[in-house]
Structures are given as structure tokens and as C-alpha cells.
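According to the working numbering, the sequence shown is numbered sequentially starting from 967. C-beta atoms are modelled at their ideal positions from N, C-alpha and C, and glycine is treated no differently. Down below is the structure, laid out as C-alpha cells.
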Amino acid sequence: QEQVDFLGSLDHNLLPLYYQAADVTVVPSYYESFGLVALEAMACGTPVVAARVGGLQSMIKDSRNGYLVPWHCADAFADRIEVLLANETLRRSMGEAAWRYAQGVGWDKTASRFAEVFGNLCDVVHVAAN
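This is the structure:
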């Protein structure tokens, strides 16, 4: 209780301040198509403990930039949160790895990668048509 605050909805402009102040971000989602909350936290250098669902699985590299835990397993969430809160060196290391990962994700990089994949697909279709 002394280490957790439930703040409710916050203004979007304030989120980076909260992510940076947090020791860990917890994302216990039942489903995530992408996981924007996790990525925003990672971009602020905060390690994430998240459910092993949807897009979170491709973003979080378990034990490197955060932890993925079994879906709906409260004990696993509690264990990983406790590990991070008890070990500042690990928390900082994972936070730095999370930040580095997030630097590789953005609209410009996503669009560039999409264009590359689409171009390759067009080449394959063109070769197949001939």
C-alpha cells in the first residue's frame, strides 16, 4: 500500500512525468492489440511487467526490458514487481533496455519498415506474375 498509488485518468500531457517517476509500469491486460501504455512507459525508461498477451509479447523481451507473466496470474505479477522494486540495479538496467527498444519504434521507422515490406511484396507479386 505504501508503494502503489491508483490515480485514475490523467491528462495525456502529464503521462511522461508519471512514467518517469514510476519504478515500474504494470500492464495486466486481458488483451492488447499493440500495447501503447507499455511502449510509452518504455520510452520514458521505465521497465514494464505485463501480461503475455497480444502485442505486448513482441515488445517486451522477457527479463531484458521488462517481464512477461502468465495471463491472470496475480502471484507471477507480484513476484516480478517485487524483484524490480527490490533491485535498483536491475530496474535501471531494464529501464535503459526498455528506452533503447522504444527508440526504435516510431511513426517514421514504422512507415519506413512498412514501405520496405510492401515494396518486397510488390517485387514478389511482380515476379510471380511474369
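Backbone CA spacing between residue i and residue j [nearest angstrom]
{"i": "residue 1023", "j": "residue 1001", "result": "9 angstroms"}
{"i": "residue 1089", "j": "residue 999", "result": "29 angstroms"}
{"i": "residue 1040", "j": "residue 991", "result": "15 angstroms"}
{"i": "residue 1007", "j": "residue 1080", "result": "24 angstroms"}
{"i": "residue 1086", "j": "residue 1071", "result": "21 angstroms"}
{"i": "residue 1028", "j": "residue 977", "result": "30 angstroms"}
{"i": "residue 1048", "j": "residue 1092", "result": "54 angstroms"}
{"i": "residue 1075", "j": "residue 1096", "result": "32 angstroms"}
{"i": "residue 1078", "j": "residue 1054", "result": "36 angstroms"}
Close beta carbons around residue i, own chain, < 8 angstroms, minus the five adjacent residues each side
{"i": "residue 995", "result": "1001, 1016, 1017, 1019, 1020 and 1022"}
{"i": "residue 1069", "result": "1009"}
Contact check, residue i vs residue j, beta carbons under 9 angstroms
{"i": "residue 989", "j": "residue 1050", "result": "yes"}
{"i": "residue 1032", "j": "residue 1004", "result": "yes"}
{"i": "residue 1009", "j": "residue 985", "result": "yes"}
{"i": "residue 997", "j": "residue 1025", "result": "no"}
{"i": "residue 1044", "j": "residue 1036", "result": "no"}
Close Cβ partners of residue i (< 7 angstroms) along its chain, the five nearest in sequence each way excluded
{"i": "residue 1061", "result": "1011, 1012 and 1013"}
{"i": "residue 981", "result": "1006"}
Identity of the residue in the options nearest residue i by Cα
{"i": "residue 1030", "options": "1048, 1063 and 1009", "result": "1063"}
{"i": "residue 1034", "options": "993, 1095 and 987", "result": "993"}
Which runs of the beta strand (DSSP E) spanning at least 3 residues fall entirely within the segment 1011-1041, listed in chain order?
1014-1017 and 1032-1035
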